[in-house]
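What follows is a set of notes on a single structure, which appears directly below.
2 protein chains.
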Amino acid sequence: MNTRFYNAKILTLDENDKFDIIAGELWVKGNEIIYLGDGSDVSNVCTGDEIIVWDIEKDCYGNLLMPGFKNAHTHTPMTFLRSYADDLPLQRWLNESIFPREAKLQEEESYWLYILGVMEYLTSGITSNFDMYFYQGMNAKAAVDVGFRSVFTSGLNNFSESLERVEEDYLRTTEMDDLVSYIIGFHAEYTTSKELMEGIAGLAQKYKSPVYTHNSETALEVKECIDRWGMTPTALTDSLGMYEYGGGGYHVVHMSDEDFEIFKKRGLYAVTNPGSNTKLASGIAPIKRYLDEGIPLALGTDGPASNNCLDMFREMFLMTGLAKLRENDAAVVDAENVLLAATAGGARAMGIEDCDRLAVGKKADIIMIDLQQPNMQPENHILKNIVYSGSKQNVAMTMVDGKILYERGVYNIGFDPKEIYAKANSIIRRIDGQM
Amino acid sequence: MNTRFYNAKILTLDENDKFDIIAGELWVKGNEIIYLGDGSDVSNVCTGDEIIVWDIEKDCYGNLLMPGFKNAHTHTPMTFLRSYADDLPLQRWLNESIFPREAKLQEEESYWLYILGVMEYLTSGITSNFDMYFYQGMNAKAAVDVGFRSVFTSGLNNFSESLERVEEDYLRTTEMDDLVSYIIGFHAEYTTSKELMEGIAGLAQKYKSPVYTHNSETALEVKECIDRWGMTPTALTDSLGMYEYGGGGYHVVHMSDEDFEIFKKRGLYAVTNPGSNTKLASGIAPIKRYLDEGIPLALGTDGPASNNCLDMFREMFLMTGLAKLRENDAAVVDAENVLLAATAGGARAMGIEDCDRLAVGKKADIIMIDLQQPNMQPENHILKNIVYSGSKQNVAMTMVDGKILYERGVYNIGFDPKEIYAKANSIIRRIDGQM
Numbered sequence: 001m002n003t004r005f006y007n008a009k010i011l012t013l014d015e016n017d018k019f020d021i022i023a024g025e026l027w028v029k030g031n032e033i034i035y036l037g038d039g040s041d042v043s044n045v046c047t048g049d050e051i052i053v054w055d056i057e058k059d060c061y062g063n064l065l066m067p068g069f070k071n072a073h074t075h076t077p078m079t080f081l082r083s084y085a086d087d088l089p090l091q092r093w094l095n096e097s098i099f100p101r102e103a104k105l106q107e108e109e110s111y112w113l114y115i116l117g118v119m120e121y122l123t124s125g126i127t128s129n130f131d132m133y134f135y136q137g138m139n140a141k142a143a144v145d146v147g148f149r150s151v152f153t154s155g156l157n158n159f160s161e162s163l164e165r166v167e168e169d170y171l172r173t174t175e176m177d178d179l180v181s182y183i184i185g186f187h188a189e190y191t192t193s194k195e196l197m198e199g200i201a202g203l204a205q206k207y208k209s210p211v212y213t214h215n216s217e218t219a220l221e222v223k224e225c226i227d228r229w230g231m232t233p234t235a236l237t238d239s240l241g242m243y244e245y246g247g248g249g250y251h252v253v254h255m256s257d258e259d260f261e262i263f264k265k266r267g268l269y270a271v272t273n274p275g276s277n278t279k280l281a282s283g284i285a286p287i288k289r290y291l292d293e294g295i296p297l298a299l300g301t302d303g304p305a306s307n308n309c310l311d312m313f314r315e316m317f318l319m320t321g322l323a324k325l326r327e328n329d330a331a332v333v334d335a336e337n338v339l340l341a342a343t344a345g346g347a348r349a350m351g352i353e354d355c356d357r358l359a360v361g362k363k364a365d366i367i368m369i370d371l372q373q374p375n376m377q378p379e380n381h382i383l384k385n386i387v388y389s390g391s392k393q394n395v396a397m398t399m400v401d402g403k404i405l406y407e408r409g410v411y412n413i414g415f416d417p418k419e420i421y422a423k424a425n426s427i428i429r430r431i432d433g434q435m
Numbered sequence: 436m437n438t439r440f441y442n443a444k445i446l447t448l449d450e451n452d453k454f455d456i457i458a459g460e461l462w463v464k465g466n467e468i469i470y471l472g473d474g475s476d477v478s479n480v481c482t483g484d485e486i487i488v489w490d491i492e493k494d495c496y497g498n499l500l501m502p503g504f505k506n507a508h509t510h511t512p513m514t515f516l517r518s519y520a521d522d523l524p525l526q527r528w529l530n531e532s533i534f535p536r537e538a539k540l541q542e543e544e545s546y547w548l549y550i551l552g553v554m555e556y557l558t559s560g561i562t563s564n565f566d567m568y569f570y571q572g573m574n575a576k577a578a579v580d581v582g583f584r585s586v587f588t589s590g591l592n593n594f595s596e597s598l599e600r601v602e603e604d605y606l607r608t609t610e611m612d613d614l615v616s617y618i619i620g621f622h623a624e625y626t627t628s629k630e631l632m633e634g635i636a637g638l639a640q641k642y643k644s645p646v647y648t649h650n651s652e653t654a655l656e657v658k659e660c661i662d663r664w665g666m667t668p669t670a671l672t673d674s675l676g677m678y679e680y681g682g683g684g685y686h687v688v689h690m691s692d693e694d695f696e697i698f699k700k701r702g703l704y705a706v707t708n709p710g711s712n713t714k715l716a717s718g719i720a721p722i723k724r725y726l727d728e729g730i731p732l733a734l735g736t737d738g739p740a741s742n743n744c745l746d747m748f749r750e751m752f753l754m755t756g757l758a759k760l761r762e763n764d765a766a767v768v769d770a771e772n773v774l775l776a777a778t779a780g781g782a783r784a785m786g787i788e789d790c791d792r793l794a795v796g797k798k799a800d801i802i803m804i805d806l807q808q809p810n811m812q813p814e815n816h817i818l819k820n821i822v823y824s825g826s827k828q829n830v831a832m833t834m835v836d837g838k839i840l841y842e843r844g845v846y847n848i849g850f851d852p853k854e855i856y857a858k859a860n861s862i863i864r865r866i867d868g869q870m
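Chains Y and S, in that order, are what the protein sequence lines are.
Each residue of the first sequence is one higher than the one before, starting from 1 at the first, in our numbering.
Each residue of the second sequence is one higher than the one before, starting from 436 at the first, in our numbering.
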């Protein structure tokens with residue numbers, strides 16, 4: 001499938017990670033961007049033996065093409081628990097509502113719940129996710145079936161999965177399809193024995209993989225880790241040799257000076273999840289300090305049970321807004337830093353650098369932002385409009401790997417949305433019936 | 436224009452301010468709701484001399500009808516300054532970017548900027564706004580021309596307008612059209628002399644009007660008021676006799692025990708603006724305490740220069756989420772309290788109780804929420820879905836005063852959106868050219 005976009009504004013990113021917007025054309029051949037420019041040098045692309053046949057020629061009417069958002073931390077199949085138990089203290093939420101229902105979830109059900117999450121990603125301009133949940137193999141099958149790009153990690157802990165299963169998932173997923181990949185990980189220090197964590201470090205070294213885990217999400221978690229081990233979660237996992245090939249932490253809200261040093265030394269990514277941290281009252285991550293220290297940032301929604309939506313526009317506003325509140329300074333964490341974390345930062349954290357920006361040779365994970373909406377007008381500053389004022393309503397198109405999967409409310413994923421909604425409702429009703 | 440909605444879910448509110456959702460029909464005759472129920476008692480409405488001719492019969496396909504959101508504090512024409520100067524310290528933002536450009540705004544330009552804001556309100560399911568800005572007469576004309584419901588107040592201060600102008604605006608607007616009304620107000624203690632504030636109190640008493648003003652938005656503002664007058668802004672304005680007929684404060688972030696007592700004693704409304712307070716680093720309002728003390732709440736976006744979008748879904752998430760962060764408790768300020776503030780609370784604060792809920796005899800300010808979107812599925816809890824997961828993408832229709840002004844991306848306001856965008860861009864470009 002070859003697609004020519006014309007009359008577009010195009011968001012570019014240079015080698016110094018500075019954004020720019022140019023006017024022109026963008027060409028996709030198969031799943032790759034083969035031209036991006038003002039159109040004046042088009043003959044350089046067309047010459048030679050090959051004549052490109054366009055399957056789609058799309059007038060963008062001056063709207064903006066940009067790289068898709070990378071949702072760098074989520075638990076996609078938890079869609080079945082959306083709005084299930086809100087406005088509850090965290091421990092009651094987990095123990096009374098979430099854990100007992102998760103225990104009743106069946107593997108084949110995860111397939112439908114994953115697709116429901118992907119549909120929401122598409123409406124939010126998300127073109128890939130970094131996913132931790134049970135039934136990873138089934139979830140990868142769902143991603144491939146609908147044509148979505150997913151990077152998986154393990155939620156290994158003392159109560160589910162095993163080191164053998166992690167290795168098996170890693171090997172199977174790595175071989176499965178270009179759309180899916182796998183990075184070694186585990187759930188969190190507070191749910192995982194030292195033996196398992198040492199095993200994870202061993203797997204990471206064996207396969208030269210980064211390692212990701214929930215890290216310092218709550219103050220209590222950090223305190224209890226120090227009580228147990230005399231070290232923070234960051235220092236403990238580092239001492240176990242986990243980060244020889246990098247990696248990072250999800251949430252990373254409550255960090256010590258030493259933790260920042262370890263993140264810098266190891267080149268770890270801070271994956272921030274402000275919506276979840278807000279709704280669960282976990283605290284505000286120190287985004288300004290990550291930027292000041294040069295620690296790379298990525299942005300994620302967390303799962304739909306704790307957020308409850310999968311909306312990168314909300315996350316972007318929160319990432320900068322909460323930092324402003326935390327530092328008592330309206331000038332900190334500007335929109336460009338946020339947009340970088342939401343796009344290229346996420347791609348790099350997830351090991352999909354070939355999707356990090358729009359440029360020749362990069363994969364065609366592209367969204368179109370509708371600027372002809374009142375929240376994007378006047379066009380005083382398009383980047384700031386997107387970060388501070390953008391909304392799912394502005395996502396006119398989402399293309400993954402060269403294929404348009406969503407366009408103005410219509411999905412091209414091989415399933416009728418009604419079927420997916422019916423499945424999701426029947427799954428949670430079945431589980432409720434057994435409670 | 437008479438409209439019959441069928442196959443609907445309908446959000447109702449009882450006399451104890453408890454929400455419920457029923458399945459059935461809702462009928463609008465002219466600008467009034469004349470029937471709401473499951474359809475089994477329809478003959479009771481149809482009998483008699485009158486046979487209703489439906490101009491529109493709308494199958495709702497199981498989607499939700501609910502009262503439109505009330506945006507209880509905003510400065511609508513500031514659309515021209517959207518994203519103009521973000522990520523700046525507050526004083527530089529005001530003095531270098533905002534004030535000099537506002538000074539160059541012409542009265543007739545305000546008309547187009549107001550309509551641009553109304554368009555965004557319609558996309559967000561907002562059916563009325565409580566507006567403070569220059570050129571109130573022009574703004575009221577814009578509201579009436581497009582069929583939108585607006586309640587105005589004055590931004591009187593030492594540098595603009597006068598007591599005579601406030602009285603003139605009050606009288607003209609009150610007589611102008613049922614869609615527009617006026618409540619006495621002024622900009623803020625820190626911009627307004629005691630003489631002017633005393634004049635405002637006099638006008639409020641003369642016309643038996645509530646009074647609204649920016650109140651305790653920042654800690655500095657409160658400190659400087661105490662330095663000047665030995666009293667907080669709330670205590671000072673109360674001591675001047677402003678609240679004999681009620682009223683309230685916008686923002687109300689930094690409140691003393693005495694301030695809470697005054698709000699209770701006078702029945703004042705706390706109008707919270709969490710998006711603006713976040714982006715401008717003003718602080719987090721004490722929403723839990725307002726609820727605990729029984730002080731009524733309303734919710735607003737503030738103006739598009741400080742937010743930057745006009746999106747009640749974002750505000751609803753922030754209202755509860757920020758309260759959870761502030762109190763370090765995920766259980767505080769539940770979704771129902773937020774939805775009440777965003778609908779009936781706002782209507783009452785704005786003196787438009789006839790639009791506060793969907794019920795027979797109430798005005799037809801109605802929106803339809805599309806539940807057939809992935810962020811609303813599964814339907815575990817529709818109210819919580821709306822507050823925690825809702826987005827502009829879910830606004831399928833916005834009806835004001837019995838007239839559908841917006842439906843799935845199409846406006847029915849008498850203007851082509853492109854014309855409005857072109858006007859807004861040319862206005863800010865003209866002003867920039869004179870800087």
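Backbone N, C-alpha and C fix where the C-beta goes; we use that ideal spot for every residue, glycine too.
On a predicted model such as this, the values are computed, not experimentally measured, just so you know.
Give me the Cβ distance between residue i and residue j, rounded to the nearest whole Å; I'm assuming they're in contact under 8 Å.
i: residue 457(S); j: residue 796(S); result: Not really, about 17 Å apart at Cβ, beyond 8 Å.
i: residue 188(Y); j: residue 715(S); result: Rounded, the Cβ-Cβ distance is 35 Å, inconsistent with contact.
i: residue 340(Y); j: residue 319(Y); result: With 8 Å as the limit, residue 340(Y) and residue 319(Y) do not qualify as a contact, their Cβ atoms being about 11 Å apart.
i: residue 567(S); j: residue 739(S); result: The pair is not a contact, with the Cβ atoms about 13 Å apart (cut-off 8 Å).
i: residue 746(S); j: residue 827(S); result: 6 Å
i: residue 783(S); j: residue 709(S); result: Actually they are not in contact, since the Cβ atoms of residue 783(S) and residue 709(S) sit about 19 Å apart, beyond 8 Å.
i: residue 119(Y); j: residue 420(Y); result: 6 Å
Provide the residue(s) that pair with residue i in DSSP beta bridges, ordered along the chain.
i: residue 5(Y); result: 26(Y), 58(Y)
i: residue 713(S); result: In the DSSP output, where bridge partners are listed per residue, residue 713(S) has none listed.
i: residue 11(Y); result: 21(Y)
i: residue 156(Y); result: None; residue 156(Y) has no bridge partner.
i: residue 299(Y); result: 272(Y)
i: residue 36(Y); result: 26(Y)
i: residue 499(S); result: 444(S), 804(S)
Quick one: list the residues of chain Y neighbouring residue i, beta-carbon separation under 8 Å, in chain order.
i: residue 554(S); result: 374
At least one CB of chain Y closer than 8 Å to the CB of residue i: is that the case?
i: residue 489(S); result: no
i: residue 565(S); result: no
i: residue 598(S); result: no
i: residue 535(S); result: no
i: residue 731(S); result: no
i: residue 744(S); result: yes
Give the interface partners of residue i over in chain S, defined as CB-CB distance under 7 Å, in chain order.
i: residue 331(Y); result: 522, 523, 524
Whose Cβ in chain Y lies nearer than 7 Å to the Cβ of residue i?
i: residue 633(S); result: Within chain Y, no residue comes near residue 633(S); the closest Cβ sits about 33 Å away, beyond 7 Å.
i: residue 847(S); result: Within 7 Å Cβ-Cβ: nothing; residue 847(S) doesn't reach chain Y, min ~15 Å.
So with Cβ pairs under 8 Å, would you call residue i a contact of chain S?
i: residue 149(Y); result: no
i: residue 439(Y); result: Past the edges of chain Y, shown from 1 to 435, lies residue 439(Y), and the structure says nothing about it.
i: residue 398(Y); result: no
i: residue 321(Y); result: yes
i: residue 7(Y); result: no
i: residue 421(Y); result: yes
Along chain S, which residues have their Cβ under 8 Å away from the Cβ of residue i?
i: residue 335(Y); result: 521, 522
i: residue 428(Y); result: 813, 815
- Touch check for the region 115-126 of chain Y and the region 856-864 of chain S: three-plus C-beta pairs under 8 Å? Touching, no.
Worksheet item: On the three-pair Cβ rule with 8 Å, is the region 710-727 of chain S touching the region 324-338 of chain Y?
Response: Yes: at least three Cβ pairs fall under 8 Å.
**Q.** Stretch pair the region 233-248 of chain Y + the region 189-203 of chain Y: three plus CB contacts closer than 8 Å
**A.** yes
Margin query: Quick check: the region 809-816 of chain S against the region 600-617 of chain S, are at least 3 beta-carbon pairs closer than 8 Å?
Written below: no
- [ ] Specify whether the region 530-537 of chain S and the region 700-709 of chain S touch according to this definition: at least 3 beta carbon pairs, one from each stretch, less than 8 Å apart.
- [x] no
Original post:
Does the pairing of the region 130-147 of chain Y with the region 99-116 of chain Y give three or more beta-carbon distances under 8 Å?
Top reply: yes
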